[in-house]
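Below: the structure, in structure tokens.
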Amino acid sequence: MFVRRIAVIGTGYVGLTTGACLASLGHDVVCADVDEQKIAKLRRGEVPILEPGLAELVTEGMAAGRLKFVVGARNAIAPQGDSDDPIEVVFLCVPTPMGEGGAADLAAVEAVAHEVRDLLPRGCVVVNKSTVPVGTAARTKQLLGRRDVAVVSNPEFLREGSAVHDFLNPDRIVVGCDQQDAAERVAALYSRLGAPTLLTDAASSEMVKYAANCFLAMKLSYVNAMAELCERLGADVHEVTEGMGYDRRIGQAFLKPGPGWGGSCLPKDTHALMQISEAAGFDFALLTASLETNERQSGRMVDKVRAAVGGSLANKRIGLLGLTFKAGTDDLRDSPALTVAAALRAEGAELSAYDPGCSGEVPGMTDGITVADEVTAIAKDADAIVVLTEWPEFRALDWPALAKVAANRTVVDTRNLLDPDVLRRAGFSWVGVGCR
Ligand SMILES: NC(=O)c1ccc[n+]([C@@H]2O[C@H](COP(=O)([O-])OP(=O)(O)OC[C@H]3O[C@@H](n4cnc5c(N)ncnc54)[C@H](O)[C@@H]3O)[C@@H](O)[C@H]2O)c1
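Take any residue in the sequence shown, count from 1 to its spot, add 13: that is its number in my numbering.
Spelled out as structure tokens, the structure:
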């Protein structure tokens, strides 16, 4: 295997995982970020995000001298010392949040392109791992203004909470470039992983990421709509989705109803694809319906809680179990739990919350929610307990003990996480989604 000198720009969930994993595969990696505090922590060996296995890889990579951290993209590209060979591959792992009208905001990608264009060594390859609209590779190439530098699309499919595992065991690697040799150089970085690899053009590669994420969002909206129909007809969505999922054409994954889908990717990527479709004059009705179903779903969860506390949420004490967008992460970005919480609060509910991934209040995210560090505090005098994130440990809580401190023994389980029989034996009434 060729050892490559790699720069990773943006050291968040994707960039830090990419950097640490590429170093573990034997490459020589320097990671850069604009966030000085983040880099200072990483240099001390502290990993600022919750991701199983990541801290170990960072420690190993640093100890082996294969993983370094610097502030600013330019410092990652510039030689680190006299003995350093030039950087051969630059990964862009910067944010592409939802911008105006739902379009992906490419300001960070463009800022990095400007910052590094005159510093890139001859013949190096710039790889876009951020999720970006079709045409971004071509646009980045234009911004760089360098004929000798190829721009490659290599979308990332890792899931937060299992990022290291997913990076090292990918279902597939997608690499897109209109220059075959550059695509092959990037694909070769992953050769040890033995994953199916699709080499394609840049536009198709960029589209794969949106196509995949939006398909997952649609699948979840379909299940949430099915759950509502099951409630109306007296069917049980568990049984229905189990029966569907045995069909290998459908599969069991992404077939669980919940409070609506969210997180740092699905909402922004569905909105971006909507905007891309509109700009192309295409009415993507399926996607519009999926977004509408998702908004409806969080509203339905609020209806369930309101009904559970007697018809009005005003001054009701609601204990929330879970704030993160899914279990196993500390990421609160676009969490459906926060959407439901905001709607409960808007109707006058008093909210407290417990989440194993969130140790205290986060300004701008958990405003109006008292975040407790243990579960009894949120159950005490609660008019209802609402499960919003599927942390497995919630199943093992001491429900009889919580029943003793709650004002009203009602649980609304928006994830169908808990065992209703256990809850009922503890004296709680249990309300789920898509079932009686
Ligand atoms: N989080 C995921 O699960 C996931 C999965 C696949 C793809 N993606 C995509 O990957 C991209 C990054 O997502 P993320 O979740 O890692 O974001 P993040 O916010 O966790 O990390 C991005 C990092 O980039 C840094 N940054 C911003 N501007 C910079 C600049 N000019 N120079 C250097 N660093 C800069 C930020 O400080 C931050 O640390 C997005 O396009 C996202 O859609 C994310």
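Ideal Cβ positions, reconstructed from N, Cα and C, are used throughout, including at glycine.
| Item | Value |
| --- | --- |
| Nearest-angstrom Cα distance between residue 208 and residue 358? | 46 Å |
| Buried or exposed for residue 272, going by 16 or more other Cβ atoms inside 10 Å? | buried |
| Does the distance between the C-beta of residue 150 and the nearest non-hydrogen atom of ligand 1 fall short of 8 Å? | no |
| Whole-angstrom Cβ separation of residue 20 and residue 90, contact assumed at under 8 Å? | 6 Å |
| With the cut-off set at 9 Å, would you say residue 136 and residue 162 are in Cβ contact? | yes |
| Can you tell which of 64, 410, 320 has the C-alpha that lies nearest to the C-alpha of residue 180? | 64 |
| With 16 other CB atoms within 10 Å as the buried threshold, where does residue 414 fall? | exposed |
| By DSSP, does residue 421 sit in helix, in strand, or in coil? | coil |
| Considering residue 20, what are the terminal residues of the alpha helix (DSSP H) in which it resides? | Element bounds for residue 20: not the alpha helix (DSSP H) but the beta strand (DSSP E), 18 to 22. |
| Check whether the Cβ atoms of residue 153 and residue 121 sit closer than 9 Å, and answer yes or no. | no |
| For residue 168, count neighbouring C-beta atoms within 10 Å of its own C-beta (all shown protein chains included) and say buried if the count is 16 or more, exposed if not. | buried |
| Spell out the partners DSSP gives residue 371 in its beta bridges. | 368 |
| Helix, strand or coil for residue 404 per DSSP? | coil |
| With residue 81 as the anchor, note down where its alpha helix (DSSP H) starts and where it stops. | Residue 81 -> not in any alpha helix (DSSP H); beta strand (DSSP E) instead, spanning 80 to 84. |
| Kindly give me the distance between the Cβ atoms of residue 42 and residue 58, rounded to whole angstroms, as I take these residues to be in contact under 8 Å. | No, residue 42 and residue 58 are not in contact; Cβ-Cβ is about 15 Å, not under 8 Å. |
| From the DSSP secondary-structure annotation, give me the bridge partner or partners of residue 213. | 189 |
| Got a sec? Which residues, its chain only, sit under 8 Å from residue 217 by beta carbon, not counting five neighbours each side? | 189 |
| Give the single residue among 296, 422, 430, 340 whose Cα lies nearest to the Cα of residue 398. | 422 |
| Since residue 230 and residue 283 should fall inside the 8 Å C-beta cutoff, what is the C-beta to C-beta distance between them, to a whole number of angstroms? | 5 Å |
| Can you grab the Cα-Cα spacing for the pair residue 351 / residue 107, in whole Å? | 24 Å |
| Sort 233, 331, 293, 18 by Cα distance to residue 148 and report the nearest one. | 293 |
| Using a Cβ cut-off of 9 Å (strictly closer), state whether residue 309 contacts chain C. | Structure shown: chain C not included; a single protein chain is present. |
| In whole angstroms, what separates the C-alpha of residue 395 from that of residue 401? | 15 Å |
| For a quick check, are the C-beta atoms of residue 212 and residue 197 less than 9 Å apart? | yes |
| Just to confirm, are residue 444 and residue 418 a CB contact at a threshold of 9 Å? | no |
| Would the beta-carbon of residue 223 fall within 9 Å of that of residue 285? | yes |
| DSSP three-state label for residue 263, please. | coil |
| Tell me which residues share the same chain as residue 263 and place their Cβ nearer than 7 Å to its Cβ, disregarding the 5 neighbours each side in the sequence. | 257 |
| Which first and last residues belong to the alpha helix (DSSP H) in which residue 179 is found? | 176 to 181 |
| In angstroms with no decimal places, state the Cα-to-Cα distance between residue 203 and residue 410. | 42 Å |
| Is residue 447 closer than 9 Å to residue 530 when the C-beta atoms are compared? | The structure shown has nothing for residue 530, since the chain only spans 14 to 449. |
| Using the Cβ count rule (16 or more neighbours within 10 Å means buried), how would you classify residue 372? | exposed |
| Is there at least one non-hydrogen atom of ligand 2 closer than 8 Å to the beta-carbon of residue 38? | Among the ligands in the structure shown, ligand 2 does not appear; only ligand 1 can be found there. |
| Is the CB-CB distance between residue 412 and residue 436 below 9 Å? | yes |
| Does the region 296 to 307 come close enough to the region 370 to 386 to have 3 or more Cβ pairs within less than 8 Å? | no |
| Pick from 364, 389, 377: whose alpha carbon is nearest that of residue 383? | 364 |
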